[in-house]
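In the working numbering, the protein residues as written are 247 to 456. So the structure is just underneath, and the comments pick up after that.
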């Protein structure tokens with residue numbers, strides 16, 4: 247793909263249904279969409295499409311040792327892909343939707359979307375564009391930050407377009423992301439839990455709910 251990618255301005259507060267439907271259509275046919283989230287811009291594909299997931303790794307120059315994050319519309323869906331402990335469930339209820347990614351044991355379906363891995367990183371962003379795409383596509387999204395590996399994550403649509411114009415199928419531009427920082431990532435596979443990445447949700451705030 248070397249033609250210019252179509253960039254659509256989209257309202258973060260009231261995203262247009264037509265634009266959400268277009269993004270969902272692209273994802274359902276195996277395409278790649280760059281989209282805004284509450285943290286930074288992301289690259290998304292249909293989580294169930296193995297070929298689409300490979301596109302993301304090639305696009306970013308990303309090592310297969312670094313898994314993608316799965317975005318889902320609600321906690322019930324999260325339980326289809328991850329084994330949710332009491333502590334994990336408490337975090338979900340308190341901090342989702344929001345800038346928190348939990349690494350949990352994968353269920354059978356979780357292992358499928360994670361290329362056979364036995365754990366999964368999963369979250370629900372606090373963003374109406376993402377929620378609208380998930381609702382329209384009726385699919386979980388396999389995602390990562392919108393940047394080539396070893397480059398700064400895109401925090402605006404313009405930055406994302408500079409990275410990926412002509413390389414993805416669609417870019418949704420909602421302006422600057424609210425947090426402008428990646429999500430906090432907590433490994434909950436074993437206790438004590440490990441903060442894999444400090445992000446826009448302070449880990450100290452999390453730990454007080456254990």
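Heads up, the beta-carbon is just placed ideally off N, CA and C, and yes, glycines get one too.
With a cutoff of 9 Å on beta-carbon distance, residue 267 and residue 388 are scored as not near each other. For residue 258, there is no enclosing beta strand (DSSP E), since its DSSP letter is neither H nor E.
When 409, 302 and 353 are compared, the shortest CA-CA separation from residue 291 is found for 302. Nearest to residue 355 by C-alpha distance, out of 349, 376, 324 and 332, is 324. Residue 399 and residue 456 have their C-alpha atoms spaced approximately 31 Å apart.
Residue 444 sits exposed, since fewer than 16 C-beta atoms from the chains shown fall within 10 Å of its C-beta. Taking a C-beta distance under 9 Å as the contact criterion, residue 282 and residue 375 qualify as a contact pair. Linking residue 409 to residue 250 through their CA atoms gives a straight-line distance of about 12 Å. Ranked by how close their Cα comes to the Cα of residue 412, the residues 259, 273 and 278 have 278 in first place. Shown here, residue 336 sits in a helix according to DSSP, grouped into three states. In the DSSP assignment, residue 378 falls outside any beta strand (DSSP E) and lies within the alpha helix (DSSP H) extending over 374-383. For residue 297, the enclosing alpha helix (DSSP H) has its first and last residue at 296-306. In this model, residue 327 and residue 334 are separated by some 13 Å (Cα to Cα). For residue 306 against residue 394, the beta-carbon gap comes to about 6 Å, under 8 Å, which counts as contact. Under the Cβ criterion (8 Å, minimum of three pairs), the segment 341-354 counts as touching the segment 422-441. Only residues of its own chain outside the window of five on either side were considered, and among them 361 have a CB closer than 8 Å to the CB of residue 296, listed in chain order.
Look at residue 352 here: in three-state DSSP terms it is strand.
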